[in-house]
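Asker:
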Amino acid sequence: MGTGGGRHAPRTGGPARPPGARSTTPVALAHETHGAGPGLVLLHGVGLDRRMWERCLPALTARHRVTLVDLRGHGASPAAAPGVSVDELAADVAALLSGPAHVVGFSLGALVAQQLGLDRPDLTASLTLVSSVAGRSEDERAAVARRREVAARDFGASAWAAVDRWFSPGWRAQEPLLAQRVLDTLLANDPVSYLACYDVFATADAGLWPRLPRITAPTLAVTGEDDPGSTPAMSQRLARRIPGGRAVIVPGARHLLPLERPERLADAILTHTGHQECHSS
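Using this note's numbering, read the sequence shown as starting at 42 and increasing by one per residue.
So, in structure tokens, the structure goes:
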């Protein structure tokens with residue numbers, strides 16, 4: 042998925058693991074690094090890859106050494122086997138880090154970031170949870186289960202439905218090539234890996250919820266005002282649940298904040314990380 046301009050750095054990482062092979066140790070994630078300064082790690086959503094952050098990079102690399110990651114089961118990283126857990130996805134990221142970093146996670150990546158904050162507080166200088174689910178109601182849990190069933194039955198229809206949810210008619214008309222690139226990225230996924238990671242997205246928040254008060258990293262939750270899945274109420278719940286947490290709601294935006302509102306999102310991230318840098322110096 043290109044974002045319309047900008048160069049793509051070569052992908053790096055280990056060979057793909059067969060879909061049926063389960064790794065009990067961290068896998069080597071494909072990643073790339075840009076810029077200089079305090080470390081900042083970007084984690085994408087389910088079915089996407091690290092290229093979704095391209096529009097945020099110019100602002101973020103002006104202040105940070107930014108590492109973009111393909112999570113297990115995505116992009117150029119090894120495949121994900123059925124039953125993979127959020128703990129394993131977080132351990133993969135932890136193995137990539139050599140010291141504390143500001144961790145920014147989008148959607149599935151936000152759940153991985155929360156797990157990393159719980160498991161490895163020594164590696165999380167701060168957390169920014171972008172378009173994250175939290176405290177789903179029974180109706181919301183049933184809706185995501187139905188979307189998972191559609192994906193298992195008709196992967197192409199599921200990808201089309203995701204793009205329809207994520208792009209407003211006006212945005213899609215304004216940037217039709219971007220909508221097509223997001224669709225192409227979804228369709229390029231290995232269905233086994235996609236469903237394995239979608240299961241994490243669909244269920245991990247329930248296990249994380251009771252543990253969130255143990256997160257010690259300064260935390261910001263950001264979502265779009267019009268996001269139907271990762272709602273403003275969810276970001277506000279996260280801000281209340283995590284000690285010292287804050288929420289930012291972006292007016293008029295849906296789910297794909299790194300693509301739809303990159304300047305606004307980068308500003309929120311840099312305000313958050315800059316505040317933490319000032320306090321730690």
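Glycine included, C-beta positions come from ideal geometry on N, C-alpha and C.
(1) Quickly, what does DSSP pair Ile310 with across the bridge? List them, please.
(2) So, using beta-carbon positions, are Ala309 and Ser173 closer together than 8 Å?
(3) Does Leu253 come out as helix, strand or coil in the three-state DSSP assignment?
(4) In terms of DSSP beta bridges, what is Asp167 paired with?
(5) Is the beta carbon of Leu164 sitting closer than 8 Å to the one on Ala136?
(6) Give the DSSP-derived three-state secondary structure of Thr102 in the structure shown.
(7) Classify Leu170: buried if its beta carbon has 16 or more other beta carbons within 10 angstroms, exposed otherwise.
(8) Which residues in the same chain as Pro303 place their Cβ atom closer than 7 Å to its Cβ, once the five residues preceding and following it in sequence are excluded?
(9) Can you give me the Cβ contacts of Thr314 inside the same chain, cut-off strictly under 8 Å, excluding the 5 residues immediately before and after it?
(10) When the Cβ atoms of the region 147-166 are set against those of the region 241-252, are three or more pairs found closer than 8 Å?
(11) Are the Cβ atoms of Val110 and Arg92 separated by less than 8 Å?
(12) Considering only DSSP beta bridges, list what Glu73 is partnered with.
(13) Does the Cβ of Ala157 have 16 or more other Cβ atoms within 10 Å, making it buried, or fewer, making it exposed?
(14) Have a look at Asp160 and Phe242 and give me their C-alpha separation to the nearest angstrom.
(15) Among the residues of its own chain, which have a CB less than 8 Å from the CB of Pro284, if the five just before and after it don't count?
Answerer: This is what the structure holds:
(1) DSSP lists no partner for Ile310.
(2) No, they are not a contact pair.
(3) Helix at Leu253.
(4) This sequence places Ser at residue 167; Asp is not what is there. In DSSP, Ser167 forms a bridge with His143.
(5) Not in contact: Leu164 and Ala136 (Cβ atoms no closer than 8 Å).
(6) Under the three-state reduction of DSSP, Thr102 is assigned to helix.
(7) Buried, since its Cβ has 16 or more Cβ neighbours within 10 Å.
(8) Within the same chain, Arg96, Cys97 come within 7 Å of Pro303 by CB-CB distance, once the 5 residues on both sides are set aside.
(9) The residues Pro79, Leu81, Arg104, His105, His143, Ala166, Ser167, Thr169, in chain order, have a CB closer than 8 Å to that of Thr314 in the same chain once the five nearest residues on each side in sequence are set aside.
(10) At 8 Å Cβ cutoff, the stretches touch.
(11) Against a cut-off of 8 Å, the Cβ pair of Arg92 and Val110 comes out as no contact.
(12) DSSP, once it has assigned bridges, lists Leu109 as partnering Glu73.
(13) Note that residue 157 is Leu in the sequence shown here, rather than Ala. Buried: at least 16 other Cβ atoms inside 10 Å.
(14) Each residue's Cα considered, the two are about 18 Å apart.
(15) The residues are Pro254, Ile256, Thr257.
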